[in-house]
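Residue numbers 66 to 170, in this note's numbering, belong to the letters of the sequence shown in order. First comes the structure, then the notes that go with it.
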Amino acid sequence: MRSGALNRTVEWWIKETTRSSSGALNEVWVKRKTIRAYTYQKKGRQVEDNMEIFNTIMIDVKIRNQHNIKEFDRIRYMDNFYSIEFMQLDDSKRFLMLRCMRIND
66 MRSGALNRTV EWWIKETTRS SSGALNEVWV KRKTIRAYTY QKKGRQVEDN
116 MEIFNTIMID VKIRNQHNIK EFDRIRYMDN FYSIEFMQLD DSKRFLMLRC
166 MRIND
């Protein structure tokens with residue numbers, strides 16, 4: 066893949082835990098970095114659970130393998146947050162493929 070094919074931008078978000086003055090732990094999501102990526106929608110479906118309809122959308126995000134992204138981090142793409150389902154290196158080990166699922170808020 067040419068580097069010119071990385072024509073989209075995604076944001077990499079990580080969870081940070083802080084302790085308040087009363088000793089309570091607070092978890093917040095913080096934007097770590099903006100990354101160039103190649104994205105495409107993999108599949109989508111609607112699921113009904115407890116008389117409520119949820120839209121499930123899966124996307125694949127291909128980025129350069131230079132970031133320390135973990136599977137419990139999140140990706141933000143087109144104003145939607147996505148959890149990382151799994152990560153896979155390509156054969157040349159230059160790119161990292163992220164399979165992501167949209168988080169319904």
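Using N, Cα and C, we set each Cβ at its ideal position, and we do this for glycine too.
Inset, instruction - Alpha carbon to alpha carbon, how far is S86 from V112? Give it in angstroms, no decimals. - result: 42 Å
Inset, instruction - Quick one: give me the first and last residue of the beta strand (DSSP E) that F146 is part of. - result: Judged by DSSP secondary structure, F146 falls within the beta strand (DSSP E) whose first and last residues are N145 to L154.
Inset, instruction - In the DSSP assignment, find the unbroken beta strand (DSSP E) run with F160 in it and report its ends. - result: That run of the beta strand (DSSP E) goes F160 to R167.
Inset, instruction - Would you check if there are 3 or more beta carbon pairs closer than 8 Å linking the region 97-117 to the region 144-151? - result: no
Inset, instruction - Within 10 angstroms of the Cβ of A89, are there 16 or more other Cβ atoms? Answer buried if so, exposed if not. - result: By the Cβ-count criterion, A89 is exposed, with fewer than 16 other Cβ atoms from all chains shown falling within 10 Å of its own Cβ.
Legend entry - Which of helix, strand or coil DSSP assigns to A89: coil
Legend entry - Between the CA atoms of R110 and I122 - distance to the nearest angstrom: 7 Å
Inset, instruction - Out of N130, N120, W77 and I118, state which residue places its alpha-carbon closest to the alpha-carbon of L210. - result: An answer regarding residue 210 cannot be provided, because it is not within the stretch 66 to 170 covered by the chain.
Legend entry - First and last residue of the uninterrupted beta strand (DSSP E) at F137: Counting along the chain, F137 falls outside any beta strand (DSSP E), and DSSP gives it neither H nor E.
Inset, instruction - Kindly give me the distance between the Cβ atoms of A102 and I128, rounded to whole angstroms, as I take these residues to be in contact under 8 Å. - result: 5 Å
Legend entry - For N120, the first and last residue of its enclosing beta strand (DSSP E): E117 to R129 is the span of the beta strand (DSSP E), which, as asked, contains N120.
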